[in-house]
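*Asks:* Just so we're aligned: the sequence shown equals residues 104 to 206 in the working numbering.
Each residue gets a CB set at the ideal place from its N, CA and C atoms; glycine is no exception.
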Amino acid sequence: MVSNGKSLVIKNQTNNQYYRYPLKRTPLELILDKNYLINRIKNVKGRIVDNKYFNFTLVNNDNKINIFFDNQTLNLIGWQTEDIYQNLVITFMSKIKVNQKID
104 MVSNGKSLVI KNQTNNQYYR YPLKRTPLEL ILDKNYLINR IKNVKGRIVD
154 NKYFNFTLVN NDNKINIFFD NQTLNLIGWQ TEDIYQNLVI TFMSKIKVNQ
204 KID
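Here is the structure:
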């Protein structure tokens, strides 16, 4: 997964294809908005999952977003979204590199 701040590119591991989405149409736009995220997290009760993760559940426009942070590093490690039709999408990040130049 790569983002330039306007678009999000995701590689499907199954078919080795790349998909590009406008960032505004993904939950990642909210997750990357530090001020939004901090203000929302201040107002909800978090929980610890498996002694590994901090989890916060946010509701935005009838969509539920569960955000997971590593409880040691506090790095964002993933999120789970559920829309009004109960479609569930889980995103898990690993091998995270921050502020890397891409050729």
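CA-CA distance, residue 153 and residue 173?
*Replies:* Using only the alpha carbons, I get a separation of about 11 Å.
*Asks:* Cα separation between residue 150 and residue 163?
*Replies:* Near 19 Å, if we compare the C-alpha coordinates of residue 163 and residue 150.
*Asks:* Give the DSSP-derived three-state secondary structure of residue 124 in the structure shown.
*Replies:* Note: residue 124 maps to strand in three-state DSSP.
*Asks:* The beta strand (DSSP E) with residue 111 in it runs from where to where?
*Replies:* Start and end: 110 to 115.
*Asks:* Can the beta-carbon of residue 160 be found closer than 8 Å to that of residue 167?
*Replies:* Going by C-beta atoms, residue 160 is nearer than 8 Å to residue 167.
*Asks:* If you drop the 5 nearest sequence neighbours on each side, which residues of the same chain put their C-beta closer than 8 Å to that of residue 120?
*Replies:* Answer for residue 120: 114, listed in chain order.
*Asks:* State buried or exposed for residue 184, treating a residue as buried only when at least 16 other CB atoms are found within 10 Å of its CB.
*Replies:* By the 10 Å Cβ count, residue 184 comes out buried.
*Asks:* Please report the distance separating the alpha-carbon of residue 189 from that of residue 141.
*Replies:* If I take the Cα positions, the gap works out to 26 Å.
*Asks:* Does DSSP put residue 200 in a helix, in a strand, or in coil?
*Replies:* Three-state DSSP puts residue 200 in coil, outside helix and strand.
*Asks:* Does DSSP classify residue 137 as helix, strand or coil?
*Replies:* DSSP places residue 137 in helix when its eight states are reduced to three.
*Asks:* Which residue's Cα is closest to the Cα of residue 148: 191, 122 and 170?
*Replies:* Out of 191, 122 and 170, 170 has the C-alpha closest to the C-alpha of residue 148.
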